[in-house]
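A.B. asks:
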Amino acid sequence: GIFIGTILGFVSAYYRGAVDTAIRGSVDVLLTVPSLLVMILVAVALKGGLTVDGMALVVSILAWVWPTRTIRAQVLTMRESGYIRVAQLSGMSSPEIIVKEMIPNLLPYLAASFVSAVAAAILASIGLEALGLGPMESPTLGMTIYWVLHYSALLHGMWWWWAPPIIIIVIIFVGLFLISTGLDELANPRVRRAV
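Just add 336 to wherever you are in the sequence shown, counting from 1, and you've got the numbering used here.
1) For phenylalanine 513, count the other beta carbons within 10 Å of its own beta carbon; 16 or more makes it buried, fewer makes it exposed. Which is it?
2) So what does DSSP say about valine 380, is it helix, strand or coil?
3) Counting only runs of 4+ residues fully inside the segment 337-404, write out the alpha helix (DSSP H) ranges in chain order.
4) So which of Ile397, Val369, Ala448, Leu367 has the shortest CA-CA distance to valine 378?
5) Which of helix, strand or coil does DSSP assign to leucine 446?
6) Taking the C-alpha atoms as reference points, what is the distance between alanine 354 and valine 347?
7) Beta-carbon separation of alanine 448 and aspartate 520 under 9 Å?
8) Any idea if glutamate 465 is buried or exposed, counting beta-carbon neighbours within 10 angstroms, 16 or more meaning buried?
9) Closer than 8 Å is the cut-off here; do at least three beta carbon pairs connect the segment 437-454 with the segment 469-484?
10) May I have the straight-line CA-CA distance separating phenylalanine 450 from alanine 456, to the nearest angstrom?
11) In its own chain, which residues sit with a C-beta less than 7 Å from the C-beta of valine 510, not counting the 5 before and 5 after it?
12) Might you give, ordered along the chain, the residues of its own chain that have their beta carbon closer than 7 Å to the beta carbon of methionine 414, omitting 5 neighbours on each side?
13) Can you tell me whether asparagine 487 is helix, strand or coil according to DSSP?
14) My understanding is that leucine 446 touches isoleucine 462, with C-beta atoms under 8 Å, so please give their C-beta distance in whole angstroms.
15) Going straight from the alpha carbon of arginine 405 to that of leucine 491, what length do you get?
16) Thinking C-beta only, is isoleucine 407 closer than 9 Å to glycine 337?
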């Protein structure tokens, strides 16, 4: 999803025109639709429960939307910057500008988008499994939460059932947040100059 989003965002911002309008319009429409609802509908449509492959398919359906928007915004900003104009005036071709000037400057944004997409995929997977739409036999955090809810362990004070998965989820997301924040700081030119 991130790879597709990166390519679409790049093409949309760099070449503009009708392609940009079509990609931007489809991204805007898909951002108005709640992604968890789409994932639930796809999971229900795949009757008989989801396999691990089915779960990956469901989670990756809308994974390209946010990276497309992020990369498009960054490429638009770069496209109007001074160093790109100097490269164009010096006679560099578009592929040379993309490979030598733009892609190296996009790498921190791509890394931050990747970490954010991983966090969203983990959260979506846990959410679908907690609703009972995942593979029942898999020992995952989401299925543990499903069984906690199914057996009312939360109401009966069985904290040893629900505390470990919640603590693990919090640790995962705090770690991903710290990684994403660090990559975001690398992507910010003002912070990069200060370091």
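Just so you know, even glycine gets a beta-carbon here, dropped at the ideal spot from N, CA and C.
C.D. replies: For this structure:
1) By 1-based counting over the sequence shown, the position of residue 513 is 177. With fewer than 16 Cβ atoms within 10 Å of its Cβ, phenylalanine 513 is classed as exposed.
2) Counting from 1 along the sequence shown, the entry for residue 380 is found at position 44. It is helical.
3) Qualifying alpha helix (DSSP H) stretches, in chain order: 338-351, 353-368, 371-381, 388-396.
4) For the purposes of this step, residue 378 is taken as residue 42 along the sequence shown, with counting starting at 1. Of the listed residues, the one whose Cα sits closest to valine 378 is Ile397.
5) Translated into the one-based positions of the sequence shown, residue 446 becomes position 110. The answer is helix: DSSP assigns leucine 446 an H, G or I state.
6) Counting from one through the sequence shown, the residue named residue 354 turns up at place 18. Counting from one through the sequence shown, the residue named residue 347 turns up at place 11. When rounded, the separation of the alpha-carbon atoms in alanine 354 and valine 347 is 11 Å.
7) By 1-based counting over the sequence shown, the position of residue 448 is 112. By 1-based counting over the sequence shown, the position of residue 520 is 184. In contact: alanine 448 and aspartate 520 (Cβ atoms closer than 9 Å).
8) Position 129 of the sequence shown, counting from 1, holds the residue named residue 465. The residue is buried, with at least 16 neighbouring Cβ atoms inside 10 Å.
9) The segment 437-454, when compared against the segment 469-484, does not touch it at the 8 Å Cβ threshold.
10) Here residue 450 is taken as the residue at index 114 of the sequence shown, counted from 1. Here residue 456 is taken as the residue at index 120 of the sequence shown, counted from 1. Rounded to the nearest angstrom, the two C-alpha atoms are 10 Å apart.
11) Along the sequence shown, one-based indexing puts residue 510 at 174. Closer than 7 Å at the Cβ level, and outside the excluded window around valine 510, lies no residue.
12) Translated into positions along the sequence shown, residue 414 becomes position 78. Closer than 7 Å at Cβ, skipping near neighbours: Ile420, Met438, Asn441.
13) Taking the first residue of the sequence shown as 1, we reach residue 487 at position 151. Inspection of the sequence shows that residue 487 is occupied by tyrosine rather than by asparagine. Three-state DSSP puts tyrosine 487 in coil, outside helix and strand.
14) Here residue 446 corresponds to residue number 110 of the sequence shown, with the count starting at 1. Here residue 462 corresponds to residue number 126 of the sequence shown, with the count starting at 1. Actually they are not in contact, since the Cβ atoms of leucine 446 and isoleucine 462 sit about 25 Å apart, beyond 8 Å.
15) Walking along the sequence shown from the start, residue 405 turns up at place 69. Walking along the sequence shown from the start, residue 491 turns up at place 155. Going by the C-alpha atoms only, they are around 42 Å apart.
16) Reading the sequence shown from its first residue, position 1 is the one you call residue 337. Reading the sequence shown from its first residue, position 71 is the one you call residue 407. Their beta carbons are not under 9 Å apart, which means glycine 337 does not touch isoleucine 407 by this criterion.
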